[in-house]
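By numbering that gives the first Met the number 0, the letter at position 32 of the sequence shown is numbered 31, and the numbering carries on one by one without gaps.
The C-beta atom is built at its ideal place from N, Cα and C for all residues, glycine as well.
From a predicted model like this one, the values you see are computed outputs, not experimental measurements.
One structure below.
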Amino acid sequence: MNDTPLSAKIKEAAAFIREQFPKKPEIGLILGSGLGVLAEMIEEATVISYDRIPHFPVSTVEGHASELLLGTVRGKTVLLMKGRFHMYEGYGVDVVSFPVRVMKELGVHTLIVTNAAGGINASYEVGDLMLIKDHINLTFRNPLIGPNDNDLGVRFPDMSETYDRSLRKVAHEAAGELGIKLQEGVYVGLLGPNYETPAEIRMLRTLGGDAVGMSTVPEVIVARHAGIRVLGFSCITNMAAGMLDQPLSHAEVIETTERVKPKFLQLVLNIIPKLEA
């Protein structure tokens with residue numbers, strides 16, 4: 000990022016988006032690898048390519064588009080990121096989390112974040128959906144390092160309930176209504192881009208992790224700093240290294256998300272109308 004103050008960049012990006020879509024979005028969605036199917040359900044969507052938005056990066060990963068969509072889903076005005084950014088692409092942690100700052104400026108009060116993750120918990124199966132109840136940040140990066148702008152959030156934000164308890168209750172109720180099994184566990188965020196070694200997975204399980212991935216943590220930290228409530232889901236697209244006697248590949252991740260899409264779509268569409276500010 001250049002020397003322009005962060006607050007000025009946020010306002011510039013938000014002003015551009017408002018020109019294209021004047022309505023105030025209530026709910027933000029950041030969708031992980033292969034999970035962009037929800038974009039098809041947005042009514043009268045306004046589509047903005049990331050490369051048109053001031054200060055926005057562009058996603059370079061297979062399974063991630065580079066579009067911002069705004070419109071209505073089940074009566075709620077939403078802002079959906081179809082494709083996210085990762086530090087392993089070479090972006091700084093401040094760049095990766097920048098869109099969440101813009102969401103807050105536009106009026107978003109609740110963020111739904113999803114990711115593709117490897118299963119660490121031996122009771123999980125490929126294709127499970129895991130509700131994130133907490134995370135462990137092993138990226139050793141934090142988007143809040145540096146001078147704090149008190150207009151954006153407090154210097155030392157509380158993370159004791161990072162993933163909102165009442166929103167998790169709503170998610171369990173929505174899953175129950177649909178007969179969808181919903182795991183609940185701790186997400187471990189690593190830098191990537193390589194998959195973990197079996198020894199690393201044994202360590203992460205000892206630390207209390209249930210699923211592991213390469214995203215989500217920076218965006219969630221910024222969301223909580225900004226006072227946005229967070230609901231998170233991991234799609235267990237593969238069992239982590241050493242869990243099964245087979246190599247890991249991104250192709251498997253995309254293949255599993257294709258299979259899980261209908262269940263994921265049903266669940267999120269059932270949750271969205273239940274979300275209030």
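Close Cβ partners of residue i (< 8 Å) along its chain, the five nearest in sequence each way excluded
i	result
alanine 53	In the sequence as displayed, the identity of residue 53 is proline instead of alanine. Around proline 53: Lys8, Glu11, Ala12 and Phe15.
glycine 106	Lys23, Pro24 and Glu25
DSSP three-state assignment for residue i, whether helix, strand or coil
i	result
glutamate 18	helix
valine 153	coil
leucine 30	strand
asparagine 136	strand
valine 72	strand
serine 6	helix
histidine 54	coil
Paired residues, beta bridge with residue i - DSSP
i	result
glycine 184	Ile131
isoleucine 47	Leu67
isoleucine 41	DSSP output for isoleucine 41 lists no bridge partner at all.
valine 211	Gly117 and Val187
Residues near residue i in its chain [Cβ-Cβ closer than 6 Å; skip 5 each side]
i	result
lysine 75	Glu25, Ile26 and Ile271
threonine 205	none
lysine 273	Val169
glycine 152	His224 and Ala225
asparagine 114	Gly31, Gly212, Ser214, Thr215 and Ser233
Neighbour-count burial assignment, residue i, 16 or more Cβ in a 10 Å radius
i	result
leucine 177	exposed
isoleucine 47	buried
valine 267	buried
proline 197	exposed
glycine 208	buried
proline 21	exposed
phenylalanine 232	buried
arginine 83	buried
threonine 255	buried
phenylalanine 155	exposed
methionine 0	With a pLDDT of 46 at methionine 0, under the threshold of 50, the modelled position of that residue is not reliable, and the figure given next carries that caveat. When all chains shown are included, methionine 0 counts as exposed.
Endpoints, the alpha helix (DSSP H) within which residue i is located
i	result
isoleucine 311	Here the chain covers residues 0 to 276 and nothing more, so residue 311 does not appear.
threonine 158	According to the sequence as given, residue 158 is methionine; it is not threonine. Where methionine 158 is concerned, there is no enclosing alpha helix (DSSP H), given that its DSSP letter is neither H nor E.
lysine 103	92-105
lysine 23	Note, lysine 23: premise wrong, no alpha helix (DSSP H); not H, not E.
leucine 78	Element bounds for leucine 78: not the alpha helix (DSSP H) but the beta strand (DSSP E), 75-81.
Limits of the beta strand (DSSP E) - the one that residue i falls within
i	result
alanine 115	109-118
glycine 145	Taken as a continuous stretch (DSSP letters only), glycine 145 belongs to no beta strand (DSSP E), as it is neither H nor E.
valine 229	228-238
Near the ligand PLP: residue i beta-carbon under 7 Å from a heavy atom
i	result
leucine 274	Only the bare structure without any ligand can be found here, which leaves the ligand PLP out of the picture.
Own chain residues within Cβ distance below 7 Å of residue i, not counting five before or after
i	result
valine 185	Lys132, Asp133, His134, Ile135, Gly207, Gly208 and Asp209
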